[in-house]
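2 protein chains.
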Amino acid sequence: MSPEPQKGRAPSIRDVARLAGVSHQTVSRVLNGHESIRDETRQRVREAMEALKYRPNRAARALVTSRSRTIGVLSATHGEYGPSSSIAAIEDAARDQGYYVNTANLASSSPGAIIEALKHLLLQDIEGLIVMAPQVRVFDVLAGMAIDVPYVSLQSTGHGDHRALAIDQIAGARAATQHLIDLGHEEIVHVAGPQDWIEAEARMRGFLDAVIDADLRTHPPILGDWSADFGYFAGKELLRYRDFTAVFAGNDLMAVGLMHAFRDAGVDVPGEISVVGFDDIPLAQHVWPPLTTVHQEFGEVGRRAVALLLGEVRGTPVDGDEEIVPSLVTRASSGPAHAVVGRY
Amino acid sequence: MSPEPQKGRAPSIRDVARLAGVSHQTVSRVLNGHESIRDETRQRVREAMEALKYRPNRAARALVTSRSRTIGVLSATHGEYGPSSSIAAIEDAARDQGYYVNTANLASSSPGAIIEALKHLLLQDIEGLIVMAPQVRVFDVLAGMAIDVPYVSLQSTGHGDHRALAIDQIAGARAATQHLIDLGHEEIVHVAGPQDWIEAEARMRGFLDAVIDADLRTHPPILGDWSADFGYFAGKELLRYRDFTAVFAGNDLMAVGLMHAFRDAGVDVPGEISVVGFDDIPLAQHVWPPLTTVHQEFGEVGRRAVALLLGEVRGTPVDGDEEIVPSLVTRASSGPAHAVVGRY
DNA sequence: TTTGTCCATGTGAACGTGAACATCGATCGG
DNA sequence: CCGATCGATGTTCACGTTCACATGGACAAA
Numbered sequence: 146m147s148p149e150p151q152k153g154r155a156p157s158i159r160d161v162a163r164l165a166g167v168s169h170q171t172v173s174r175v176l177n178g179h180e181s182i183r184d185e186t187r188q189r190v191r192e193a194m195e196a197l198k199y200r201p202n203r204a205a206r207a208l209v210t211s212r213s214r215t216i217g218v219l220s221a222t223h224g225e226y227g228p229s230s231s232i233a234a235i236e237d238a239a240r241d242q243g244y245y246v247n248t249a250n251l252a253s254s255s256p257g258a259i260i261e262a263l264k265h266l267l268l269q270d271i272e273g274l275i276v277m278a279p280q281v282r283v284f285d286v287l288a289g290m291a292i293d294v295p296y297v298s299l300q301s302t303g304h305g306d307h308r309a310l311a312i313d314q315i316a317g318a319r320a321a322t323q324h325l326i327d328l329g330h331e332e333i334v335h336v337a338g339p340q341d342w343i344e345a346e347a348r349m350r351g352f353l354d355a356v357i358d359a360d361l362r363t364h365p366p367i368l369g370d371w372s373a374d375f376g377y378f379a380g381k382e383l384l385r386y387r388d389f390t391a392v393f394a395g396n397d398l399m400a401v402g403l404m405h406a407f408r409d410a411g412v413d414v415p416g417e418i419s420v421v422g423f424d425d426i427p428l429a430q431h432v433w434p435p436l437t438t439v440h441q442e443f444g445e446v447g448r449r450a451v452a453l454l455l456g457e458v459r460g461t462p463v464d465g466d467e468e469i470v471p472s473l474v475t476r477a478s479s480g481p482a483h484a485v486v487g488r489y
Numbered sequence: 146m147s148p149e150p151q152k153g154r155a156p157s158i159r160d161v162a163r164l165a166g167v168s169h170q171t172v173s174r175v176l177n178g179h180e181s182i183r184d185e186t187r188q189r190v191r192e193a194m195e196a197l198k199y200r201p202n203r204a205a206r207a208l209v210t211s212r213s214r215t216i217g218v219l220s221a222t223h224g225e226y227g228p229s230s231s232i233a234a235i236e237d238a239a240r241d242q243g244y245y246v247n248t249a250n251l252a253s254s255s256p257g258a259i260i261e262a263l264k265h266l267l268l269q270d271i272e273g274l275i276v277m278a279p280q281v282r283v284f285d286v287l288a289g290m291a292i293d294v295p296y297v298s299l300q301s302t303g304h305g306d307h308r309a310l311a312i313d314q315i316a317g318a319r320a321a322t323q324h325l326i327d328l329g330h331e332e333i334v335h336v337a338g339p340q341d342w343i344e345a346e347a348r349m350r351g352f353l354d355a356v357i358d359a360d361l362r363t364h365p366p367i368l369g370d371w372s373a374d375f376g377y378f379a380g381k382e383l384l385r386y387r388d389f390t391a392v393f394a395g396n397d398l399m400a401v402g403l404m405h406a407f408r409d410a411g412v413d414v415p416g417e418i419s420v421v422g423f424d425d426i427p428l429a430q431h432v433w434p435p436l437t438t439v440h441q442e443f444g445e446v447g448r449r450a451v452a453l454l455l456g457e458v459r460g461t462p463v464d465g466d467e468e469i470v471p472s473l474v475t476r477a478s479s480g481p482a483h484a485v486v487g488r489y
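If you read the protein sequences in the order shown, they are chains A and B.
If you're matching positions, the first sequence starts at 146 in the working numbering and goes up one per residue.
If you're matching positions, the second sequence starts at 146 in the working numbering and goes up one per residue.
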């Protein structure tokens with residue numbers, strides 16, 4: 146229960162005006178930092194606001210300006226480090242600019258759920274939208290709904306008319322794979338993220354690019370769901386063939402799951418199999434063995450997304466072409482290749 | 146860039162009324178599901194709305210009803226699993242009830258930052274507030290700001306006039322500690338969370354209760370910051386004395402850091418030292434050794450918080466006394482006690 | 001028939017704010 | 001010294017919705 150000291154209704158701009166002995170418009174001007182107000186008047190108005198504990202009514206303001214000062218974020222996180230960090234950064238950055246953030250979280254990736262969440266956000270009068278749920282389907286839905294606000298996504302789908310944050314996931318994945326190749330690995334397996342995630346697709350592409358360039362045998366990637374549990378499961382499956390010396394996982398969670406499976410089977414990492422992940426979650430350096438992975442600046446991603454979006458919203462587009470390039474962090478989970486001991 | 150097919154301004158309730166050949170009030174009634182509307186009329190209005198792609202203006206509605214259908218969440222997460230999961234659940238639950246969620250994230254725990262974030266949220270006309278940043282300071286600030294909306298926190302501070310979600314962290318910590326005691330450990334160290342976190346305090350209390358009840362020596366708890374890095378650091382420090390056989394960490398991240406330090410020093414877990422964490426993050430079962438920890442239903446926490454808050458908002462309080470009791474999950478990181486080999 | 005009640009709908013006002021325009025005095029250039 | 005300009009402030013209106021109340025017709029009870 147909370148206190149309810151409310152007597153009548155909240156004080157309005159007119160109450161302040163009356164107390165300060167000015168017109169309501171003058172109060173409005175003070176509120177909005179208008180210039181031609183005498184210092185003395187401004188002072189008087191401020192005191193009146195203070196005395197009445199006046200708080201501007203956002204609804205009234207939004208009604209008359211048709212600007213809600215709110216942006217929407219469509220996300221799909223179940224507590225994962227990456228998206229959560231980016232969202233936190235988005236909130237900070239938006240607040241910094243006086244904007245509010247409304248988040249809608251995707252519980253499932255069914256088209257119905259996506260549409261429902263999106264409708265929810267759009268019913269709210271948001272000025273712009275950040276799409277942190279880079280699933281292909283989301284963009285299809287987005288395209289079909291004729292969104293009438295600017296929106297920014299994490300990665301361009303190629304089609305669609307919006308700004309995309311340029312994070313070079315392909316380069317990151319490529320660097321990770323190249324690292325393994327440089328270590329002498331010739332049989333590398335990729336455990337990818339869900340097929341319909343744009344990020345998963347980009348990482349897979351980077352992997353394939355590197356493998357093809359090096360003229361290595363192409364193992365068919367395994368499609369996972371980003372979870373450590375899946376990594377564990379995939380690791381067990383992979384060991385049945387054992388026709389590889391390294392695994393590049395689409396994210397750190399799956400990488401840890403893989404290492405768990407290898408450990409269970411008595412297979413040494415990196416002695417027998419090298420493992421590389423993607424994301425550089427805080428635990429990456431504390432697991433055993435410390436995980437070689439691709440570091441991403443999630444906070445930076447969030448901040449850039451906000452800058453890009455608010456640029457569009459204000460009609461002064463910001464240059465967002467400067468790519469964010471993730472960097473490889475080499476740790477103990479990757480090492481020189483050994484002979485393949487599998488059946489192949 | 147986004148398309149801008151907007152000609153004039155968005156269609157209003159009156160435009161719909163004109164097209165349907167009724168009064169604006171009839172449209173409003175259809176919108177709000179009022180009863181006494183002829184089916185045929187309702188149908189005609191619906192078609193007109195469809196034809197004009199009419200979307201109700203939230204600001205206008207909020208202005209006249211003085212209900213924003215928005216709740217605020219004050220959080221303090223940097224991507225950690227627990228809070229992020231709860232927030233995701235809050236969003237789902239709120240959306241389910243037609244509510245929007247505005248989140249403000251605490252970048253630092255300085256009083257200034259707290260006040261700033263809180264002011265931001267309260268300037269927005271939220272109907273209620275969920276405090277997911279259970280730091281003592283936050284409540285002090287809250288108390289000092291004379292909040293005029295209902296709010297719900299994760300844990301009662303004892304003082305303050307609000308609803309608190311009853312999660313029995315004390316019981317969880319107690320169970321974890323008792324588990325170690327049952328295994329024969331007599332020298333148990335607690336690596337706690339930041340002193341000003343209510344959760345950290347509760348977990349420490351649970352630990353101390355169990356230790357005192359068992360009449361064991363009380364090691365002074367080490368105050369950490371929830372991070373794996375700190376756990377690693379603390380582990381190194383602890384090994385200098387080695388006057389314990391088990392560690393109970395305030396959360397899983399620190400527990401993993403501790404195990405990392407022990408591993409580096411060649412100390413076997415659980416052979417020489419047992420480790421228990423708190424939270425049951427998804428990686429807990431995949432690290433080496435799999436971590437014994439206390440499982441928390443973060444999603445449930447979020448859902449309950451929303452139910453509790455909306456109950457207050459609607460003036461029909463929900464019974465929230467039913468405690469959420471975390472459960473111990475026993476894995477390989479804890480085992481029977483061995484003799485203390487340290488100096489003590 | 002008359003009166004009252006209920007249903008379906010309409011009319012007018014109000015919510016709190018900012019934009020556009022109006023006003024009034026002071027200052028300035030010629 | 002007079003019109004022009006500018007600074008400081010006031011007046012009126014519109015934003016899109018819901019609320020309180022009004023209207024008119026159908027139907028039942030008297």
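In this text, a Cβ means the ideal position worked out from N, Cα and C, and glycines have one as well.
Where residue i falls: helix, strand or coil (DSSP)
{"i": "residue 343 of chain B", "result": "helix"}
{"i": "residue 226 of chain B", "result": "helix"}
{"i": "residue 437 of chain B", "result": "strand"}
{"i": "residue 273 of chain A", "result": "strand"}
{"i": "residue 217 of chain A", "result": "strand"}
{"i": "residue 239 of chain B", "result": "helix"}
{"i": "residue 424 of chain B", "result": "strand"}
{"i": "residue 147 of chain B", "result": "In this prediction, residue 147 of chain B has a pLDDT of 32, which is less than 50 and means its spatial position is unreliable; nothing more can be read from the coordinates."}
{"i": "residue 326 of chain B", "result": "helix"}
{"i": "residue 158 of chain A", "result": "helix"}
{"i": "residue 164 of chain A", "result": "helix"}
{"i": "residue 299 of chain B", "result": "coil"}
{"i": "residue 312 of chain A", "result": "strand"}
{"i": "residue 244 of chain B", "result": "coil"}
{"i": "residue 479 of chain A", "result": "coil"}
{"i": "residue 304 of chain A", "result": "Since pLDDT at residue 304 of chain A reaches only 45, below the 50 mark, its modelled position is unreliable, and the value read off the structure follows with that caveat. If DSSP states are grouped into helix, strand and coil, residue 304 of chain A belongs with coil."}
Within-8 Å CB hit, residue i to chain A
{"i": "residue 386 of chain B", "result": "no"}
{"i": "residue 431 of chain B", "result": "yes"}
{"i": "residue 263 of chain B", "result": "no"}
Where the beta strand (DSSP E) through residue i begins and ends
{"i": "residue 393 of chain A", "result": "391–394"}
{"i": "residue 337 of chain B", "result": "333–337"}
For residue i, the first and last residue of its enclosing alpha helix (DSSP H)
{"i": "residue 255 of chain A", "result": "Counting along the chain, residue 255 of chain A falls outside any alpha helix (DSSP H), and DSSP gives it neither H nor E."}
{"i": "residue 294 of chain A", "result": "Element bounds for residue 294 of chain A: n/a, residue is neither H nor E."}
{"i": "residue 473 of chain B", "result": "Per DSSP, residue 473 of chain B belongs to no alpha helix (DSSP H); it is in the beta strand (DSSP E), 472–474."}
{"i": "residue 430 of chain A", "result": "Unbroken run through residue 430 of chain A: none, as it is neither H nor E."}
{"i": "residue 98 of chain A", "result": "Only positions 146 to 489 of chain A appear in this structure, which leaves residue 98 of chain A out of reach."}
{"i": "residue 386 of chain B", "result": "Here residue 386 of chain B belongs to no alpha helix (DSSP H), and DSSP marks it neither H nor E."}
{"i": "residue 361 of chain B", "result": "That residue, residue 361 of chain B, is in no alpha helix (DSSP H); it is neither H nor E in DSSP."}
{"i": "residue 408 of chain A", "result": "397–409"}
8 Å Cβ cutoff, residue i in contact with chain B
{"i": "residue 269 of chain A", "result": "yes"}
{"i": "residue 199 of chain A", "result": "no"}
{"i": "residue 405 of chain A", "result": "yes"}
{"i": "residue 471 of chain A", "result": "no"}
{"i": "residue 408 of chain A", "result": "yes"}
{"i": "residue 204 of chain A", "result": "yes"}
| task | Pair every Cβ in the stretch 212–221 of chain A with every Cβ in the stretch 266–275 of chain A, then say whether three or more of these pairs are closer than 8 Å. | result | Touching, yes, given that three or more Cβ pairs across the two stretches are closer than 8 Å.
Q) Below 8 Å, can you find three or more Cβ-Cβ pairs linking the stretch 339–355 of chain A to the stretch 319–329 of chain A? A) Touching, yes, given that three or more Cβ pairs across the two stretches are closer than 8 Å.
Report task. Spell out a yes or no on whether the stretch 343–350 of chain B and the stretch 309–320 of chain B are touching, meaning 3 or more CB-CB pairs, one atom from each, closer than 8 Å. Result -> Contact between the stretch 343–350 of chain B and the stretch 309–320 of chain B is established, with three or more Cβ pairs separated by less than 8 Å.
| Under 7 Å (Cβ pairs) to chain B, residues found in the stretch 228–249 of chain A | Residues passing the 7 Å Cβ filter: 229, 230, 233, 236, 237, 240, 245, 246, 247, 248, 249.
- Three CB pairs or more closer than 8 Å across the stretch 199–214 of chain B and the stretch 256–271 of chain A: Touching, per the Cβ criterion.
- Query: Taking Cβ-Cβ distances below 8 Å as the criterion, which residues of the stretch 368–394 of chain A are in contact with chain B?
  - Reply: So the list reads 372, 373, 374, 376, 377, given in the order they occur along the chain.
### Task
Could you name the residues of the stretch 209–224 of chain B whose beta carbon sits closer than 7 Å to any beta carbon of chain A, in the order they occur along the chain?
So the close ones are 213, 222, 223, 224.
Open item on the list: Contact between the stretch 413–429 of chain A and the stretch 388–404 of chain A is defined here as three or more beta-carbon pairs at a separation below 8 Å; is this criterion met?
Closed with: They touch, by the three-pair rule.
Q: Please name the residues in the stretch 442–457 of chain B whose beta-carbon is closer than 8 Å to at least one beta-carbon of chain A, in chain order.
A: Within the stretch 442–457 of chain B, the residues whose Cβ lies closer than 8 Å to some Cβ of chain A are 443, 457, listed in chain order.
Output needed in chain order: residues of the stretch 173–202 of chain B with a Cβ under 8 Å from some Cβ in chain A. From the stretch 173–202 of chain B, only 200, 201, 202 have a Cβ closer than 8 Å to chain A.
| message | For the stretch 335–342 of chain B against the stretch 444–463 of chain B, do three or more pairs of beta-carbon atoms, one drawn from each stretch, fall closer than 8 Å, so that the two count as touching? | response | These segments do not touch.
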